[in-house]
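The block underneath contains the structure these notes are about, expressed in structure tokens.
Residue numbers (our numbering): 185 to 718.
Okay, structure coming up:
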């Protein structure tokens with residue numbers, strides 16, 4: 185280590201007070217003078233520590249509801265003065281500025297505040313920190329002489345190094361802390377920018393695209409959670425990050441049991457959870473390589489799971505199982521009948537957990553069913569896809585069909601049972617890779633055709649899967665994620681006894697598909713909504 189700097193004076197001003205009493209007590213034990221502000225000073229005194237108020241240093245009280253506390257030359261000069269610069273030292277003597285060697289600052293919780301449902305603009309603005317970022321940037325600029333700390337997780341590291349070096353910190357440590365500090369203020373400014381842009385958006389008509397969500401500079405903040413064993417393949421390194429200040433969705437799920445989650449586990453778990461969240465009723469989905477091998481609905485989790493499994497019991501082996509209701513013992517007993525990689529649910533009862541934990545390697549995730557975008561903040565509704573040299577950014581596909589979207593275009597109208605089956609198959613189809621075809625009834629999928637280069641092959645593959653596992657397609661419905669370019673899709677579906685079809689429509693040859701449906705006595709509904717998933 186080189187260029188050690190003794191810590192003699194420290195300024196502490198923290199919103200997050202985790203560990204601060206213990207850390208300040210350590211500094212106090214070394215004889216370090218502690219300067220502080222407002223609530224932090226009160227907390228330190230309550231912890232039995234001696235503290236000098238910033239106002240005693242500056243000669244000015246806190247003003248304007250605390251908006252002005254540390255913005256003063258006697259504070260910033262104490263950070264910025266170069267200790268080997270004669271002019272700087274002379275200015276310090278002239279203006280009675282004493283150096284500060286350690287700055288411990290974390291910021292007002294702006295990110296956490298704006299993530300709360302119903303937060304007002306006034307509340308958000310009052311949680312924009314001014315003095316904190318100014319102090320961080322001043323101290324970080326002079327890392328040669330000053331250490332700046334913005335994260336309570338660094339306290340043990342600082343204690344260890346100061347204990348080893350007679351109360352001093354090295355230049356390498358000070359420089360590393362400065363880099364972290366600038367990263368923190370950059371993230372903080374991006375969060376404020378994003379919020380202000382989004383809250384300045386004009387109201388848009390229902391269903392209309394909102395171009396204003398795509399600001400000139402998109403901020404994507406990632407906070408590392410953990411390293412993963414490897415990526416999609418063993419030769420690829422990988423890690424898990426969260427977005428925002430709190431973990432939501434799969435990234436924020438609590439793992440209750442089992443082996444470490446893999447990169448592919450997370451990808452498949454996301455696909456499974458997204459699907460079951462889309463369904464209002466009790467639904468279970470089994471996912472393999474991001475596509476549903478089967479989806480079931482029913483009065484109980486067990487019944488829904490067995491229906492999902494029946495679609496394709498072969499592909500279900502080694503799959504991901506997602507429930508949108510609390511898992512009970514009966515469902516748990518059914519699930520452990522075959523090998524699954526991951527189970528995802530909003531909760532588990534005690535008996536279900538005991539049963540599932542008999543499988544040592546089975547990963548169990550408990551996830552908050554609350555939609556993190558329920559507060560309506562559009563930032564939570566964006567998704568990013570990396571391409572070479574950049575990102576594609578789009579709104580998530582959260583469209584939910586209304587009754588007004590259903591347009592019957594054939595002579596025969598679907599009955600209520602067929603309409604229910606169409607709604608269900610349409611939801612599943614949205615989560616299948618294009619070209620996507622789903623056969624189903626009102627309770628379960630019967631065959632899934634995913635990711636083919638032409639749509640008629642997807643129809644044939646979905647039908648072949650149903651036939652393989654003894655599932656009759658007679659009287660079933662077919663959902664297609666995009667329009668039929670030719671009538672051959674309808675003709676092919678008719679061979680298997682399909683009773684009704686739901687598709688977006690919009691092909692220049694829609695009339696041919698409608699004519700084919702009429703010839704076969706099939707009811708067909710257009711939605712006007714496409715569900716490509718690439």
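The C-beta atom is built at its ideal place from N, Cα and C for all residues, glycine as well.
Does DSSP put residue 519 in a helix, a strand or coil?
helix
Residue 684 by DSSP, collapsed to three states: which one?
strand
Are there three or more Cβ pairs, one per stretch, closer than 8 Å when the region 354–365 is compared with the region 318–326?
yes
For residue 708, is the classification buried or exposed, using 16 other Cβ atoms within 10 angstroms of its Cβ as the cut-off for buried?
buried
Locate the beta strand (DSSP E) running through residue 475, then write down its first and last residues.
475–481
Nearest by alpha-carbon distance to residue 474: which of 681, 718, 217 is it?
718
Mapping the DSSP letters down to three states, classify residue 297 as helix, strand or coil.
helix
From residue 578 to residue 613, what distance separates their C-alpha atoms?
20 Å
Using 7 Å as the cut-off, classify the Cβ of residue 465 as near or not near the heavy atoms of the ligand PLP, replying yes or no.
Only the bare structure without any ligand can be found here, which leaves the ligand PLP out of the picture.
Suppose contacts are defined by Cβ-Cβ distances below 8 Å. Is residue 198 in contact with residue 224 by that definition?
yes
If we ignore side chains and look at the alpha-carbon of each, how far apart do residue 390 and residue 505 end up?
Confidence in residue 390 is poor, its pLDDT being 48 and thus under 50, which makes the residue's placement unreliable; the coordinate value appears in the next sentence. Computed Cα separation, rounded: 34 Å.
Helix, strand or coil for residue 427, going by three-state DSSP, please let me know.
strand
I want to know whether the region 614–623 touches the region 599–606 - three or more CB-CB distances under 8 Å.
no
With residue 518 and residue 489 assumed to form a contact (beta carbons below 8 Å), what rounded beta-carbon distance in angstroms separates them?
5 Å
Three or more C-beta pairs closer than 8 Å, one from the region 632–639 and one from the region 685–698: is that the case here?
no
Around the C-beta of residue 648, are 16 or more other C-beta atoms found within 10 angstroms, so that it is buried, or is it exposed?
exposed
Among 375, 705, 528, 609, which residue has its Cα nearest to the Cα of residue 594?
705
Considering Cα atoms alone, identify which of 443, 417, 627, 439 is closest to residue 469.
627
Just the Cα atoms here: how many angstroms apart are residue 305 and residue 714?
36 Å
Tell me the rounded alpha-carbon separation between residue 300 and residue 509.
25 Å
Does residue 185 pass the burial test, meaning 16 or more other C-beta atoms within 10 Å, or should it be called exposed?
Confidence is the limiting factor: at residue 185 the pLDDT is only 46, short of 50, which leaves the residue's position unreliable and the question unanswerable from this model.
Rounded C-beta distance between residue 674 and residue 700? I'm assuming under 8 Å.
4 Å
Any chance the region 580–591 sits against the region 667–684, with 3 or more Cβ pairs inside 8 Å?
no
In angstroms with no decimal places, state the Cα-to-Cα distance between residue 330 and residue 269.
15 Å
Give the C-beta separation of residue 203 and residue 336 to the nearest angstrom, bearing in mind that I take them to be a contact with Cβ-Cβ under 8 Å.
5 Å
For residue 659, tell me which candidate among 621, 653, 607, 598 has the shortest Cα-Cα distance.
598
Measure the C-alpha to C-alpha separation of residue 458 and residue 355 and round it to an integer number of angstroms.
48 Å
Please report the distance separating the alpha-carbon of residue 703 from that of residue 478.
31 Å
Integer Cβ distance of residue 547 from residue 449, believed to fall under 8 Å:
7 Å
By DSSP, does residue 461 sit in helix, in strand, or in coil?
helix
Three or more C-beta pairs closer than 8 Å, one from the region 286–293 and one from the region 311–318: is that the case here?
yes
What do you reckon, are the CB atoms on residue 404 and residue 447 nearer than 8 Å?
no
When you compare only the Cα positions, how much space is there between residue 149 and residue 425?
Residue 149 lies beyond the range of the chain shown here (185 to 718); nothing can be said about it.
Compute the Euclidean distance between the alpha carbons of residue 532 and residue 464, then round it to the nearest angstrom.
19 Å
Measure the alpha-carbon distance for residue 307 versus residue 408 and round it to whole angstroms.
28 Å
Between the Cα of residue 423 and those of 440, 398, 451, 441, spot the shortest distance and give me the residue it belongs to.
451
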